[in-house]
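Numbering (the numbering used here) for the first sequence: 731 to 1081.
Data block below; observations after.
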Amino acid sequence: MDHYVYNILISAYAKEEMVGEVMHIFTKMRQQGLNPDAVSYGTVIDLLSRIGRMDDAMSLFNQMITEGLAPGIIVFNHLISGFCTCGKWEKVHELFSEMLDCGICPDTVFFNTVMDRLCKNGRVTEAQDLFDLMVHMGVKPDVCTYNTLMGGYLFVGKMDEVSKLLDNMVSIGMEPDVITYNILIDGYSKNGRIDDALVVFREMLDTKGKPSVISFNIMIGALLKCGRKAEAKDLFDGIWANGLVPDIVTYSLMIQKLIEEGSLQESDDLFVSMEKNGCAANSRMLNAIVRSLLQKGEVPRAGTYLSKIDERSFILEASTASLLTALASRGKGQEYKELLPEKYSELLIEA
DNA sequence: GTAGGGTTAG
């Protein structure tokens, strides 16, 4: 086995966030007399940064330098991304200086990464400053850059800036992509402009190339949220005609709505047809279903879905568990005990 | 021949 094979393995496990496996392979390659190369290090550092283990990521960074490997822009970007996500901005500045000292210039991905984290924290003004800086430095913004910045302006409701950026991007010959439209649809909806969102969505259907299932999910979710269920249902039914299939988010949205309005048989049927269509429920979805059912007081039905969480060895999320505990504190613990899987009876013991 | 950034559920 050579580096290539090990790196493919590491990256496959890293994608699934299987940290134990990744570290095992990383150690094993060394035992086989093959020292990890810059790509091996880069992949592991990316994984550790993504899951917030910045101390471990930094150890590996220092270790690779000790071993005479020079970290490139990609490794710096992974670390910077991790520190941005956990809000350690002083570390971001530190690494940025270190990067410059090493003679490495920030690239488009660097700017996009930092701008995105700023935007998600509502700091769009600083993101705009970085945008101006990157242009000044001659680093070319790409579609991602524009999408990120538009998302930032949408997040804080600065709609006129969004239109300006859209015009600007078109005027320099840059084509908005599916994600641009998805960001616009989502942003318009969340700013109470759902009919503008619908206009963009319909343009996508008619002229501007294909929506993705995510476009449908965003539009369906927005319509359901403001009580326009019939239109949402029409979109749901139209997914297949666009050569797409609903995914777990689509089904989650529709099923949750059915539970909310009390159409429990229909929601069960949709769940069954979802899994028959090869879309398996995940932990997040099952937890959400259980919570909705408990909130509607549908305890036996909640029990059915709780069993599925068990069977599949998923985790009962804290918010789900606390709803069960709330049943007990309302004095209903004893009454519901027989209706729920045995495993959960301790949550129903009255305090 | 391998590693990075932007969109949807809460």
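No residue lacks a Cβ here, since even glycine has one placed at the ideal position from N, Cα and C.
All figures in this text were calculated on a predicted structure; none of them were measured in a lab.
Less than 7 Å separating the beta-carbons of residue i and residue j?
i: Leu-953; j: Glu-961; result: yes
i: Leu-1078; j: Lys-1067; result: yes
i: Cys-956; j: Ile-985; result: no
i: Gly-852; j: Val-892; result: no
i: Phe-841; j: Leu-860; result: yes
i: Ser-789; j: Ser-811; result: no
i: Asn-1007; j: Thr-980; result: no
i: Val-752; j: Val-774; result: yes
i: Leu-965; j: Met-949; result: yes
i: Phe-1044; j: Ser-1075; result: no
i: Ser-993; j: Met-1015; result: no
Should residue i be labelled buried (16 or more other beta-carbon atoms within 10 Å of its own) or exposed?
i: His-808; result: buried
i: Thr-843; result: buried
i: Gly-917; result: buried
i: Thr-757; result: exposed
i: Ala-787; result: buried
i: Cys-816; result: exposed
i: Thr-1050; result: buried
i: Lys-987; result: buried
i: His-849; result: Reading the sequence as shown, one finds Cys at residue 849 and not His. Flag for Cys-849 reads buried.
i: Ile-755; result: buried
i: Ser-901; result: exposed
i: Ala-800; result: exposed
i: Ser-1022; result: buried
i: Arg-847; result: buried
i: Met-867; result: exposed
i: Ala-1058; result: buried
i: Leu-830; result: exposed
i: Ser-1003; result: exposed
i: Ala-927; result: buried
i: Asp-898; result: As written in the sequence, residue 898 is Asn, which differs from the Asp given in the question. The residue in question, Asn-898, is exposed, as its Cβ has fewer than 16 Cβ neighbours within 10 Å.
i: Thr-937; result: exposed
How many whole angstroms separate the CB atoms of residue i and residue j, which I take to be in contact at a CB cut-off of 8 Å?
i: Asn-877; j: Thr-910; result: 5 Å
i: Ala-857; j: Gly-882; result: 5 Å
i: Lys-1036; j: Leu-1070; result: Here the sequence assigns Leu to residue 1036, which means Lys is not the residue at that position. About 6 Å separates the two Cβ atoms, so the contact holds.
i: Asp-785; j: Ala-744; result: Incorrect: roughly 18 Å between the Cβ atoms, too far for contact.
i: Val-943; j: Met-904; result: Incorrect: roughly 25 Å between the Cβ atoms, too far for contact.
i: Pro-871; j: Met-864; result: 6 Å
i: Ile-740; j: Ser-770; result: 6 Å
i: Ala-1011; j: Ile-978; result: 7 Å
i: Phe-813; j: Val-805; result: About 13 Å; that fails the 8 Å criterion.
i: Phe-931; j: Ile-915; result: 6 Å
i: Asp-989; j: Asn-1017; result: The sequence given here has Ile at residue 989, not Asp. With a Cβ gap of about 13 Å, Ile-989 and Asn-1017 do not count as contacting.
i: Leu-974; j: Asn-921; result: 26 Å between Cβ atoms; not a contact.
Are at least three pairs of beta-carbons, each pair with one atom in the region 759 to 774 and one in the region 733 to 750, less than 8 Å apart? yes
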